[in-house]
Amino acid sequence: MRIWRSVVGKLWMTILLLVSFVLFILTILLLEFFQNYHVEEVEESLRYEAQKAASIIEEHEELDMSLQIVSEILDDPVHSIVKIEDQTVFYSDDINYTDILSVIEGSNSLSRVDEESVIVQDEFPTGEDFDNRYNNVMIVGVPVSDTDGESIGAVYVYQSLEAIQQTTEQTTRLIILAAAIAIILTTIFAFFLSTRITAPLRKMREGAFEVARGKFDTKVPILSNDEIGELATAFNQMGRQLKHHLDALSQEKEQLSSVLSSMADGVITFNKDCTVLVSNPPAERFLKNWYDEQEDFTKLALPPTLEELIQKVMQTNEEQTGELEVNGRSYVAIISPLYSGDTVRGAVAVLRDMTEERKLETLRKDFIANVSHELRTPISMLQGYSEAIIDDIPQSDEERKEIARVIYDESLRMGRLVNELLDLARMEAGHIVLNQEQIKVNEFASRVLSKFKLGLNDNDIHMRFISELDESVTIHIDPDRIEQVLTNLLDNAIRHTKTEGDITISTNMENQFIRFDVIDNGVGIPEDDLPFIFERFYKADKARTRGRAGTGLGLAIVKNLIEAHRGKIKAESKVDHGTTFSFYLPRNS
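Residues in the sequence shown are numbered consecutively from 1, following full-length UniProt numbering.
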């Protein structure tokens, strides 16, 4: 029933049942008390009347006079029967006394009265001449003695108990009425009390639902200073504490999320069945690359190597480390167990992209090898020609001069290599200093190109300058550094351009940048080499070069100088059709 699901119903029914039970017990006790009380009162009254009548008969010698007196002193509803010796009824003030007399004669205690006797008769025969007044009567018999003290008869006084029954019924009705009124008042009081108790409880229930929906700033009104008021106060404090702790947890979660998002390494949390629970952006990119790398339809969620490491962590409860490759990139995976108490509930994997480190390690090794290679040739030549001079191998002055020239050229080559290495190191360390000034673009490019024209007549390489800019256009640059850029690019173009080839420098405007192009129609650069030409010591096929061999550092220096001016450089080339180097410099850098 719905009434038992509410505090009001339970409290009301409890109070009502308790009051009803108490009233029921009280009614039974009161009815028993009143009935016994009235019966005892009637019995005492009848005994008194019988004794008084017996004493009157005994004190008067004339029986008729004493009977007359007895008839006068006995008032309704008390009736009397006087039996003297053998006379069945010597006197009676009740016409219909035969039923009473039959009861007296049928009772051993009343028919032979030696002392006071009392009987209550409630089962009379129901004849046509029976008086309904005597359905329930009380009879008291008192012996009558003569002067010698011997019993000569008895006086019987009886009275109907119908009045007592009526009184009892009336009392019962009054008690029932009082009980009904008490139940009604109890119901009203119970509802009033229940409302006073449950009203704040309902408020707290509504507040609890609001808190359950996430509204932790909900407050319950404090309507009293009793235990319910204290409960409301505790509820409000609980809500504030919950809000405080959840805010702290949310802040910690946001901080953790920010830390994970800002990490360069990928972080993935797995449960025991290798399902991904949490991942940061680098880890998501790793998983996407792995998914895109697979070609079949039954794509695996994780790389087999990573899954094996996770399973090993679950089995051994120890940290595991491994390496794997995904989509051409190298990763190092460090996987640690996650505990819930003493049991392993999952694992966390840290994926570090080691591609750049591996590439830098390779570049370092290549750098050492390239430097060793570049220095070994001039050192060997210096050593060999020096030994020739020591051993007096050259016989003529011309031979000695030739050897000295070779030694000089190789020393210059070594010096140039060392200087370029130092310049490149300073540039990459950010120690380059630019002395910028406003320069006219066309005038600057023409001047640099004219320096190369003077020494190229023997090679029949045609050089020209083309510009779409007005002569007054200027740019804010370090002229020495940009001249070094153009010099390196032109030197490369000359070394890779065949006889009677063409080299062109052009300038034009693109948005807020000045674009410089160095174009040749030489041997070109293979497409596979283009992404690496700006790396240190990287060289295309040396068989394609003519005349002077470079150190492999020129384009790396060019790139650093351009980037120092906040510009950018690119190269386009096609084998046997030439190469175009284009770099962009901001007009107001």
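Note that beta-carbon positions come from the ideal geometry of N, C-alpha and C, so glycine has one too.
Compute the Euclidean distance between the alpha carbons of Ile-569 and Asp-520, then round it to the nearest angstrom.
As a working mapping, residue 569 is identified with position 569 in the sequence shown. As a working mapping, residue 520 is identified with position 520 in the sequence shown. Between Ile-569 and Asp-520, the C-alpha separation is close to 16 Å.
Measuring CB atoms only, is the region 522-538 touching the region 492-501, in the sense that at least three cross pairs come out at less than 8 Å?
Using a Cβ-Cβ distance cut-off of 8 Å, the region 522-538 and the region 492-501 are in contact, since at least three pairs of beta carbons, one from each stretch, lie closer than that value.
Where does Val-140 sit, in a helix, a strand or coil, going by DSSP?
Translated into the one-based positions of the sequence shown, residue 140 becomes position 140. Looking at Val-140 - three-state DSSP - the assignment turns out to be strand.
Which residues in the same chain as Ile-403 place their Cβ atom closer than 8 Å to its Cβ, once the five residues preceding and following it in sequence are excluded?
Locating residue 403 in the sequence shown gives position 403, counting from the first residue. Only Tyr-385, Ala-388, Ile-389, Pro-394 meet the Cβ criterion.
Taking all protein chains shown into account, decide if Tyr-37 is buried (16 or more other Cβ within 10 angstroms of its Cβ) or exposed.
Sequence index remark: in the sequence shown, residue 37 carries index 37 (1-based). Label assigned to Tyr-37: exposed.
Is His-245 helix, strand or coil by DSSP?
The count along the sequence shown starts at 1 and reaches residue 245 at position 245. DSSP places His-245 in helix when its eight states are reduced to three.
Ordered along the chain, which non-local residues of its own chain (more than five positions away) have a Cβ less than 6 Å from that of Pro-337?
Within the sequence shown, residue 337 is the residue found at index 337, counting from 1. Excluding sequence neighbours, Pro-337 sits near Val-313, Asn-317, Val-344, Ala-347.
Cα separation between Arg-481 and Val-433?
The residue you call residue 481 lines up with position 481 of the sequence shown. The residue you call residue 433 lines up with position 433 of the sequence shown. Roughly 10 Å separates the two Cα atoms.
At what residue ranges does the region 161-238 contain a whole run of the alpha helix (DSSP H), taking only runs of 4 or more?
Within the region 161-238, the runs of alpha helix (DSSP H) that reach at least 4 residues and sit entirely inside it are, in chain order, 162-212.
Ignore the nearest five residues each way along the sequence and tell me which others in Val-332's own chain have a CB closer than 8 Å to its CB.
To locate residue 332, count along the sequence shown from 1; it is residue 332. Result list for Val-332: Thr-321, Gly-322, Glu-323, Leu-351, Arg-352, Met-354, in chain order.
By the three-class DSSP mapping on this structure, what secondary structure does Arg-587 have?
For the purposes of this step, residue 587 is identified with residue 587 of the sequence shown, where counting begins at 1. Coil, per DSSP.
Buried or exposed (CB count within 10 angstroms, at least 16 for buried), Ile-73:
Translated into the one-based positions of the sequence shown, residue 73 becomes position 73. Of the residues assessed, Ile-73 falls on the exposed side of the cut-off, its CB having fewer than 16 other CB atoms within 10 angstroms.
Alpha-carbon to alpha-carbon, Phe-286 and Met-509:
The residue labelled residue 509 in the question sits at position 509 within the sequence shown. The residue labelled residue 286 in the question sits at position 286 within the sequence shown. Here the alpha carbons of Phe-286 and Met-509 stand approximately 41 Å from one another.
Tell me, please, which residues DSSP counts as bridged to Met-509.
Position 509 of the sequence shown, counted from the start, is the residue given in the question as residue 509. Its beta-bridge partners are Ile-514.
Identified DSSP bridge partners for Asn-271:
For the purposes of this step, residue 271 is taken as the residue at position 271 of the sequence shown. Note: Asn-271 is bridge-paired with Gly-346 in the DSSP secondary-structure output.
Bridge partner(s) assigned by DSSP for Arg-413
To locate residue 413, count along the sequence shown from 1; it is residue 413. Beta-bridge pairing links Arg-413 to no other residue.
C-alpha distance - Val-485 paired with Arg-566, whole-angstrom precision:
Numbered from 1 along the sequence shown, position 485 holds the residue referred to as residue 485. Numbered from 1 along the sequence shown, position 566 holds the residue referred to as residue 566. Approximately 14 Å between the Cα atoms of the pair.
Which residues DSSP lists as bridging Tyr-156, in chain order
The count along the sequence shown starts at 1 and reaches residue 156 at position 156. Tyr-156 pairs with Ile-81, Gly-141.
What are the partner residues of Arg-329, as DSSP defines its beta bridges?
Taking the first residue of the sequence shown as 1, we reach residue 329 at position 329. As DSSP reads the structure, Arg-329 sits in a beta bridge with Val-326.
Neighbourhood of Val-326 by C-beta distance below 7 Å, restricted to the same chain and skipping five residues each side:
Counting from one through the sequence shown, the residue named residue 326 turns up at place 326. Scanning its chain for C-beta atoms nearer than 7 Å, with the 5 sequence neighbours on each side dropped, one finds around Val-326 the residues Phe-286, Asn-289, Trp-290, Glu-293, Pro-303, in chain order.
Are the beta-carbon atoms of Val-144 and Ser-151 separated by less than 8 Å?
For the purposes of this step, residue 144 is taken as residue 144 along the sequence shown, with counting starting at 1. For the purposes of this step, residue 151 is taken as residue 151 along the sequence shown, with counting starting at 1. Between Val-144 and Ser-151, the CB-CB gap stays under 8 Å.
Are Thr-198 and Leu-31 closer than 8 Å when you measure CB to CB?
As a first step, residue 198 is located in the sequence shown; it is residue number 198 there, counting from the start. As a first step, residue 31 is located in the sequence shown; it is residue number 31 there, counting from the start. In this structure, Leu-31 does not lie closer than 8 Å to Thr-198 by Cβ.
Is the CB of Val-137 under 8 Å away from at least one CB in chain C?
No chain C appears in this structure, which consists of one protein chain only.
Any idea what DSSP makes of Arg-464, helix, strand or coil?
Locating residue 464 in the sequence shown gives position 464, counting from the first residue. In this structure, Arg-464 counts as strand in the three-state DSSP scheme.
Would Thr-507 pass as a contact of Leu-469 if the rule is Cβ separation under 8 Å?
Numbered from its first residue, the sequence shown carries residue 507 at position 507. Numbered from its first residue, the sequence shown carries residue 469 at position 469. Taking 8 Å as the Cβ cut-off, Thr-507 and Leu-469 qualify as a contacting pair.
Given that a residue counts as buried once 16 or more other Cβ atoms are within 10 Å of its Cβ, and exposed if not, what is Tyr-48?
The sequence position of residue 48 within the sequence shown is 48, counting from 1. The residue is exposed, with fewer than 16 neighbouring Cβ atoms inside 10 Å.
Residues in the same chain with beta-carbon distance under 7 Å from Ala-556, minus the five sequence neighbours each way, listed in chain order, please.
For the purposes of this step, residue 556 is taken as the residue at position 556 of the sequence shown. Result list for Ala-556: Leu-424, Phe-534, Glu-535, Arg-536, in chain order.
I need the DSSP call for Gln-436, collapsed to helix, strand or coil.
Position 436 of the sequence shown, counted from the start, is the residue given in the question as residue 436. If DSSP states are grouped into helix, strand and coil, Gln-436 belongs with coil.
Alpha carbon to alpha carbon, how far is Asn-271 from Leu-277?
As a working mapping, residue 271 is identified with position 271 in the sequence shown. As a working mapping, residue 277 is identified with position 277 in the sequence shown. If you take the alpha carbons of Asn-271 and Leu-277, they lie about 7 Å apart.
Beta-carbon gap between Ile-181 and Leu-16 smaller than 8 Å:
By 1-based counting over the sequence shown, the position of residue 181 is 181. By 1-based counting over the sequence shown, the position of residue 16 is 16. No, the pair does not count as a contact, with Cβ atoms beyond the cut-off.
Going by DSSP, which residues form a beta bridge with Val-278?
In the sequence shown, residue 278 corresponds to position 278, counting from 1. Bridge partners of Val-278 according to DSSP: Thr-269.
So what does DSSP say about Glu-318, is it helix, strand or coil?
For the purposes of this step, residue 318 is identified with residue 318 of the sequence shown, where counting begins at 1. The three-state secondary structure of Glu-318, taken from DSSP, is coil.
What's the gap between the Cα of Asn-136 and the Cα of Ser-160?
Position 136 of the sequence shown, counted from the start, is the residue given in the question as residue 136. Position 160 of the sequence shown, counted from the start, is the residue given in the question as residue 160. If I take the Cα positions, the gap works out to 6 Å.
Alpha-carbon to alpha-carbon, Ser-250 and Leu-231:
Your numbering for residue 231 matches position 231 in the sequence shown. Your numbering for residue 250 matches position 250 in the sequence shown. In this structure, the straight-line span from the alpha carbon of Leu-231 to that of Ser-250 is close to 28 Å.
Backbone CA spacing between Ala-543 and Met-463 [nearest angstrom]
As a first step, residue 543 is located in the sequence shown; it is residue number 543 there, counting from the start. As a first step, residue 463 is located in the sequence shown; it is residue number 463 there, counting from the start. Caution is warranted here: a pLDDT of 43 is assigned to Ala-543, below 50, making its placement in the model unreliable, and the coordinate value is therefore given only provisionally. Their backbone Cα atoms lie some 24 Å apart in a straight line.
Would you say the beta carbon of Arg-285 is closer than 7 Å to some non-hydrogen atom of the ligand MG?
The model on display carries no ligand, and the ligand MG is accordingly not part of it.
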